[in-house]
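J.: Heads up: the sequence lines are chains H and C, in that order.
Residue 481 in our numbering sits at position 466 of the first sequence, and the numbers go up by one each step.
Residue 73 in our numbering sits at position 28 of the second sequence, and the numbers go up by one each step.
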Amino acid sequence: MDMLTSKIFLRKTKRGKVLKVVREHYLRDDLWCGSDLCKKCNQENSEVLDDAPLSSSTLCACPHYVVVDTNVVLHQIDVLESPAWKNVIVLQTVLEETRKRSTNNFKKLKEIMATRKDNFYVFVNEHHKDTYVERNPGESANDRNDRAIRKACSWYQTHLEESQQGRDKKKKIQIILLTQDFKNREQALKEGIPAYKVDEYVKSLKDFPDLQEKLAASHSEDNAENREPLFPEHWAPTRIMTGIKSGKLLQGIFHCSRENFLEGSVSVEGQDKSILLQGHASLNRAVDGDIVAVELLPEDKWTSPSGIVLEDQEDQDPGDQIEKEEALLSNSAKGKDRQPTGKVVGIIRRKWRQYCGILLPSVLAEGTRHLFVPAERKIPKIRIETRQAATLSSQKIIVAIDSWPRTSRYPLGHFVRALGNIGDKDTENEVLLLEHDVPHHSFPETVLACLPSMPWTISQEEVKRREDLRNLDICSVDPPGCTDIDDALHFRELSPNLYEIGVHIADVSHFVRPDTALDKEAANRGTTVYLVDRRIDMVPELLSSNLCSLRPDQERLAFSVIWEVTPNAEIKKTRFTKSVIRSRRAFTYAEAQCSIDDPLQQNELAKSLRGLNKLAKIMKKNRMDKGALQLSSPEIRFEVSTETNDPIDVISKPMLDTNSMVEEFMLLANISVAEHIFKHFPECAVLRRHPVPPESNFEPFLKAGKTQGFTLDVSSNKALAASLDAAVKPDNVYMNTMLRILATRCMMQAVYFSSGTVAPVDFYHYGLAAPIILISHLPFAGLYADLLVHRLLAVAIGADVTYADLLDRKCVQQLCNNLNYRHKMSQYAQRSSVALHTHLFFRHRVQDEDAYVLSVRQNALQVLIPKYGLEGSIYLKEKDEDSKPAFIYNPDVPSQTCGNITIRTFDRIVVQVSLDSKYVQHQKIAVHLVQPQIAGLSVEAIKTVNDSEPIPKKLKAGK
Amino acid sequence: MSGTELLSDQGLRIDGRKPNELRRIRCSLGIFAQADGSAYLEQGNTKVLAAVYGPHEIRGSKSKALHDKAFVNCQYSTATFSMGERKRRPRGDRKSTEMSTHLEETFAAAIRTELYPRSQIDIFVEVLQADGGNYTTCVNAAMMALVDAGVPLKDTVVSCTASLVKDTPLVDVNHVEQSGGSPELVVSILPHSGEIVYMSLTQRFHIDHLSKVLDTAIKGCKDIGVILKEIMKGHLTKLDTSLQAS
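1) For residue 69 of chain C, decide whether its Cβ has a neighbour in chain H, counting only Cβ atoms nearer than 9 Å.
2) Flag this pair as yes or no: are the beta carbons of residue 975 of chain H and residue 580 of chain H separated by less than 9 Å?
3) Say whether chain C places a C-beta atom closer than 9 Å to the C-beta of residue 16 of chain H.
4) Using the C-alpha atoms, what's the distance from residue 173 of chain H back to residue 202 of chain H?
5) Thinking residue 290 of chain H and residue 265 of chain H are a contact (beta carbons under 8 Å), I'd like their distance in whole angstroms, please.
6) Counting only beta-carbon separations shorter than 9 Å, does residue 35 of chain H have a partner in chain C?
7) Should residue 895 of chain H go down as buried or exposed, given a rule of 16 or more other Cβ atoms within 10 Å for buried?
8) Count the CB pairs spanning the segment 77-84 of chain H and the segment 101-112 of chain H that are closer than 8 Å, and state whether there are at least three.
9) Less than 9 Å between the beta carbons of residue 393 of chain H and residue 564 of chain H, yes or no?
10) With a threshold of 9 Å between beta-carbons, can residue 221 of chain C be considered close to chain H, or not?
11) Mind checking if residue 791 of chain H is an interface residue toward chain C, Cβ cutoff 9 Å exclusive?
12) Exposed or buried, which one is residue 753 of chain H when buried takes at least 16 other CB atoms within 10 Å?
13) For residue 578 of chain H, which of H/686, H/533, H/495 has the nearest alpha-carbon?
14) Is there a Cβ from chain H that is less than 9 Å from the Cβ of residue 57 of chain C?
15) What are the residues in the segment 86-109 of chain C lying within 8 Å of chain H by C-beta distance?
16) Got a sec: which bits of the segment 39-54 of chain H sit with their beta carbon under 8 Å from any beta carbon on chain C, in order along the chain?
17) Are the segment 243-256 of chain H and the segment 191-211 of chain H in contact at 8 Å, needing three or more beta carbon pairs?
18) Could you check where the alpha helix (DSSP H) with residue 534 of chain H kicks off and where it finishes?
19) Anything in chain C within Cβ reach of residue 139 of chain H, meaning under 7 Å, just list it in chain order.
20) Can residue 866 of chain H be considered in contact with the ligand NAP, in the sense that its beta carbon sits closer than 8 Å to one or more heavy atoms?
21) Are the C-beta atoms of residue 122 of chain H and some chain C residue less than 9 Å apart?
22) What are the residues in the segment 172-195 of chain H lying within 9 Å of chain C by C-beta distance?
23) Is it the case that the Cβ atoms of residue 827 of chain H and residue 688 of chain H are separated by a distance below 9 Å?
24) Which residues in chain H have a C-beta closer than 7 Å to the C-beta of residue 129 of chain C? List them in chain order.
25) By DSSP, does residue 347 of chain H sit in helix, in strand, or in coil?
26) Just to check my reading of the structure: residue 68 of chain C and residue 217 of chain C have Cβ atoms closer than 8 Å, yes? What is that Cβ distance to the nearest angstrom?
27) Could you spell out the range, first to last residue, of the beta strand (DSSP E) harbouring residue 174 of chain C?
28) Would you call the CB atoms of residue 805 of chain H and residue 523 of chain H closer than 9 Å?
29) For residue 220 of chain C, which of helix, strand or coil comes out of DSSP?
30) Compare the C-beta of residue 275 of chain C with all C-beta atoms of chain B and state if any pair is closer than 9 Å.
31) Does residue 348 of chain H pass the burial test, meaning 16 or more other C-beta atoms within 10 Å, or should it be called exposed?
32) Can you find a CB in chain C that lies within less than 9 Å of the CB of residue 114 of chain H?
33) Measuring only the C-alpha atoms, how far is residue 126 of chain C from residue 172 of chain C?
34) Taking C-beta to C-beta, are residue 399 of chain H and residue 301 of chain H nearer than 9 Å?
35) Which residues of the segment 142-173 of chain H have a Cβ closer than 7 Å to any Cβ of chain C? Give them in chain order.
36) Nearest CA to the CA of residue 265 of chain C: which residue from C/160, C/113, C/178?
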C-alpha cells in the first residue's frame, strides 16, 4: 500500500490574520488515464474513453478526446448536458475550481457525470505524479490552474502516443482543449495542444445543430464598450467584503416586490425592518433571491414604498433603454412611515436558476434576439438568442440567465428547452411543477423494486408482532374522492365515565425501509403535492392509495394511538402500538355529518361518531381558551368535467363539524406522539414549530383594523384570538373572515426541525397554542417527516431498531431543511394550480361577483373575490393617461375618493371578472369595477352569462 | 458543510491518500546523548520528539514510590510554534494534563514495571508540529524511545486514529479531516496479543459503524507496527555494525 511519493507545499490563507497553512500533498503513480486503448495503465474494467472515438465535428475530423476548461463548465453547463458529448475528460483542477466558484454548476456537473458515466471521465491530475504543477512565485491561482490543465493535456497526448504507435496517423487520437479563455487558448496552441473555442466547436458538431441555441450568450462580441452603461458598476468583491466588515455595507437577500417591478427590499439578518430599494439604479441588476450588498442612503433620502402597482408591461421590445421612472419616484418621496432606503452596490451570490416562461412576440420574427417573459412575476425579462422564434412563440420554454452586463436593460440568457404549447393544461401543469421545483418524474425501476409483490396479504408472523384491533369499529372520515385514506378513528365506552378513543395511521414505515431506493426517493420528494386535477405522490401509488390506504373492509397495517379519556376530555392514559385494523366504513365529511345529525341512525358507527364529535368540541374549546388562533384562508374546490377535465364550477369548501373533529384528533395524536418521542430522543426528534411572528409583521393588519374602527391586540396569540373574535360587524359578515385572512399573512412559516438544534423554549407552536407538536393538523402519511416520526416512535415503543442516520442530528436537520423547502414549494404549487384552473374556468366566461377591497393603493385597488378565492387589481389610473376620473388618494386612511364615493379597505363592491385574452401568450384575469358606479371607470353589469358575450371594454385604453 | 470535501468521488482524500492509507512515517532513534533513550517520529506533518529517563530512583516526594513496580511518569507538551496559531502554554493546561495521564496509563500497561519496584521511569514527549493524530504519534514516538532506552516491554505499543466520512472509514486522519467535523477514534494496541490498551472517541456516531471504524484503526495500528519494527531493526543493525567496527 505504500506507494506514496510525497510532496509538501505551503499555502497561505487570509482569515483576518495571515495564517500559514501547511498541508501534505501526496502524488501517486496509480491513477489511470481511463482510455480503452491504453496499454500502460493498470486499469481494471471497461474504460470510459473509447478506443476509437468517432468525431462528429467538422472542425476537428480526427478522433479525439475532449478536455474542458473551467470556464466552459461555469458558463456553458447547459450545453454539457447534451448527449452530443462523448469521451470527455474532466480534470480535478476543473472540478475544484468549479466547486469554489459556483456550487450550483458544480452540482449540475456532478449530476451530468453521474447520469452519463460512460462518457465523462474524471482524471485526478492534481495527485498524479506527472501532471501536478506547483504554483510559481508571482503566478496567480488562475494562471496556475490553466497551466495545470494544459500540462494534463500534453501528458495525455504523450501518454496515449506510446500506446498507439504504429497506428495510422489519421486515426491517432488527439486531445482537444475546449476553452473560452482567449489567453489560455493562445498559450495552449503555442505549446502544441489543439485548442478551440467552445462555441466554435459546438457549432461544428454536425449531428447536433440545435445545440448551439443552448450556448450561453457571450457578450464580448456585443460591442458593449461602445454603448452607454445603463447601470452603475458593481463594486469589486474585496471592497464589498471590507465594506461589510466595517459595517458600511449590509448583506442580505434581495426580494423583488410582487406589485412593482422597480421596487424591492433586502432582508438583512438580525434586522427587523428590511431595506427598501427603488428604481433601476438602486436595484442595480439584482434578481429576486440574490444575496446582495447594499449601501444605505443618508436618512433624508429615505422614502416609503410607493404604493402603486406597476408591471413591466412593455409589449414591444424596447431595446436597451431605461424608461422614465418619475411616475414611481415622484409619488413615493414624502410618505410618513419612511423606511431605511438603500442601493445595491454589488452582488455577493447569484441565485439564478432556470425559469419557465414565454417569448415576447418580436417585431422582427426572423431576428435572433428575443425577449423572454418568465412566469414568475418577480423575475425580470430575459434576452435570449434563438433562430427558432417562430416555433417557440407558441410554446412555454425554459431559459437560463448567463449574465447581466451594465449596458443591457435585461439580463442575457439562453434557451434550454421547450415544454409544450401555451394554454395546454399539461404544459401549464408542467410549468408550475417545474417552477416550484416539485420532483414529478415517474418512479424509477429501483424504487418500484422495493415494493411488496401483489397480491399482498398480512403474514401470520406480522399479525403476531402487532396488536390485533380488527374487532374494533374503526371508520375513516375524509374529503370526497379521497383515495389515500391515511387516518382512521374509533371510539368506545369502557365504562360510563371512561371512554376509549383511538387514532390509526397507515403504517408507511413498514413498507418504506430505511436506506432503500424507495426511502431515498421519498426523502427527496418530501411531500405529496395535491394539485387541483392530480396528485404528485411521495411514494408509488401502490402504497399511497392501496396498501397504505385504510380502505373499508380490508385488513391494513397501522400505527395506533389509543387514549382513555373521561367525558370531560381529560386524558387518563395514552399508549402507542403497531396494529392490524379493519376499517368498517370510509365516510366523507358530509356523510359523517349526516350520521351524527340524523337521530334515526343508531348503529355503532353513528354512536362512535357522535361520541367523538362531543369530545372534539370540548377539546377545541380548551385549546381556544389557551389562545389558539382560528385563521382563515379562502379555500375553494373545482367541480371538474369528467370528459375534458376542465373546471365547470367553483365551490368554496364548506367547513363542517366533522372537519374540525378529525383535525382535533389528529392534533391530539400529534401532541401525544411528539411528547413521547421527545422524551425518548431529546437530541433528534423531528418536530414542527411555529415561531412567534415579530411585531413588525402585523403592521398592515393593524392598519386595516383601524380603518374599520377596531383596535387589535397582537401582543400574544391569546390576545390576538380574542380581538379577532371581537372584530365583528353586523352589516359586513365577511369582514371578520377578511381580517383573519390578513392575520394569516402576518404569520411566520411553520417549520420542521430536529429537536437537538433548537432550544426547547422555541418549540412553542404559535398558531395552535401547543407547547410541542409534530406536524400541523394535516394527516400523517403524506409527508416524509411522518415517516421519520413513525420510525422514531417505533423505536421508542420497542417495535423496531434504530439505524445510523436516524439518530444523527445533522442528518435529520438536513432532511428537515429539504422538507421545509418542499413543503413550502408544494403549497405554492397548490396555490398556482388553483390559479391555473381559475384561468381555465374563466376562459369562456364573464361574471359579476361580490368582492371585498383587500387594500387600497395609490393607483389601484386590490380586491378579493371570496367565491373564487381570487385576488386581482383594479387600476384607477394609468401612468400616461388623464382620461380616467380623478381619484384622490388619502394615504393615512388609506382611501380613494372620487366625487362623493369613497372606497376604503374591506368595502364591499361588485366586480366583473373575465379572462383578458388580448395577449394569447400571457392571459390573465381581468377585474373591472361594476358597483359603485363611477363614470369612465366602471363597466356595465351583465345580465346573463353568455359565452358569446364580447369581452368588455378594456380599462387599459393606452395599451 | 464547509467548502472541503473530505472524500472525493474518485475515492481520494484531501491530501491524495486512499481511505486505508497511512501518512508517510519517518523515524530516527537515539538522537539525544543525554537521555537514556530518545526518538524522533514523523507521521506526515505531525512531528514528535520523545525522551526516556530511567529506570532510576524516585525523584521528588518518595510517597509516589510503588513497592512492587516502577512508577511511570509522563509529560506531554506541545511546542508553542507547533500550530498555525501560536500556542500560549506548552504544558500544564487541561488538555496536556489529560494526555499525560493517558500516556502514563498506556505505558504502565506495556512496560514490565514489576522488574523495577520502587523506581521511576520518565517519558517526555514534545509535539513539534501538529497536524492531526498528535496523541497517537506521541505514543508511537515514546514507544520507540523506550526501545532505544532498552526498557523491557511486554509488547510494543502502537496507536492509530480512524474517522468516518460518508460511511467510509478513514485511517490516520490529518488535521483537516479531524477538524472537518467528523468523529475521531483513537486506539492503542499491543499488536502481538491484539489487546486494546487505550481507546477514545471524540464524537458520537451510530453503533452500527463502530466495528468497521475500530477494525480500520486496528489495521492501521498493525501497519504502523510493521513499519516501526523495520526502523528498529535498521537502527539496531547500524548500532551492531558500528560496535563491531570499533
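We put the CB at the ideal spot given by N, CA and C, even for glycine.
T.: This is what the structure gives:
1) Answer yes: the Cβ-Cβ gap between residue 69 of chain C and chain H drops below 9 Å somewhere.
2) Since the first residue of chain H shown is 16 and the last is 974, residue 975 of chain H is not available in this structure.
3) Residue placement at residue 16 of chain H is poorly supported in this model, since its pLDDT is 38, which falls under 50; the coordinates still yield a value, given next. Chain C contact via Cβ: present.
4) Pairing residue 202 of chain H with residue 173 of chain H, the inter-Cα distance amounts to about 18 Å.
5) Rounded, the Cβ-Cβ distance is 7 Å, consistent with contact.
6) With a threshold of 9 Å between beta carbons, residue 35 of chain H makes contact with chain C.
7) Because residue 895 of chain H carries a pLDDT of 48, less than 50, the predicted location of this residue cannot be relied on, and the following value inherits that uncertainty. Looking at its Cβ environment, which holds fewer than 16 other Cβ atoms inside 10 Å, residue 895 of chain H is exposed.
8) Segments in contact, yes.
9) Result no, Cβ atoms of residue 393 of chain H and residue 564 of chain H do not sit closer than 9 Å.
10) Yes, because at least one Cβ of chain H sits closer than 9 Å to the Cβ of residue 221 of chain C.
11) Legend: pLDDT at residue 791 of chain H = 40, less than 50; position of this residue unreliable, value from coordinates given subsequently. Cβ-Cβ to chain C under 9 Å: no for residue 791 of chain H.
12) Residue burial annotation: residue 753 of chain H is buried, with at least 16 other C-beta atoms found within 10 angstroms of its C-beta.
13) Closest by alpha carbon: H/686.
14) Chain H has a Cβ within less than 9 Å of the Cβ of residue 57 of chain C.
15) So the close ones are 89, 90.
16) Going along the segment 39-54 of chain H in chain order, one finds 39, 40, 41, 42, 43 with a Cβ nearer than 8 Å to chain C.
17) No: fewer than three Cβ pairs fall under 8 Å.
18) If you look at residue 534 of chain H, you'll find it in the alpha helix (DSSP H) that goes 532-540.
19) 55, 57, listed in chain order.
20) Only the bare structure without any ligand can be found here, which leaves the ligand NAP out of the picture.
21) Closer than 9 Å: no.
22) If the cut-off is 9 Å between Cβ atoms, the segment 172-195 of chain H has nothing near chain C.
23) Not a contact, by the Cβ cut-off of 9 Å.
24) In chain order: 34, 35, 36.
25) Note that residue 347 of chain H scores a pLDDT of 47, beneath 50, so its modelled location is shaky; the value from the coordinates is reported in the next line. Reduced to three states, the DSSP call for residue 347 of chain H is helix.
26) That belief holds up - the Cβ atoms of residue 68 of chain C and residue 217 of chain C are roughly 6 Å apart, short of 8 Å.
27) Following the DSSP letters along the chain, one finds residue 174 of chain C inside the beta strand (DSSP E) bounded by residues 164-174.
28) In contact: residue 805 of chain H and residue 523 of chain H (Cβ atoms closer than 9 Å).
29) Here residue 220 of chain C carries a helix assignment [DSSP, helix/strand/coil].
30) Going by chain labels, chain B is absent from the structure shown, which instead holds the protein chains H and C.
31) A caution first: residue 348 of chain H carries a pLDDT of 47, below 50, which makes its placement in the model too unreliable to give a value.
32) Using a Cβ-Cβ cut-off of 9 Å, residue 114 of chain H counts as an interface residue toward chain C, since at least one Cβ of chain C sits closer than that to its own.
33) Taken atom to atom, the span from the alpha-carbon of residue 126 of chain C to that of residue 172 of chain C is near 10 Å.
34) Their beta carbons are not under 9 Å apart, which means residue 399 of chain H does not touch residue 301 of chain H by this criterion.
35) Result list: 142.
36) The shortest C-alpha separation from residue 265 of chain C is found at C/178.
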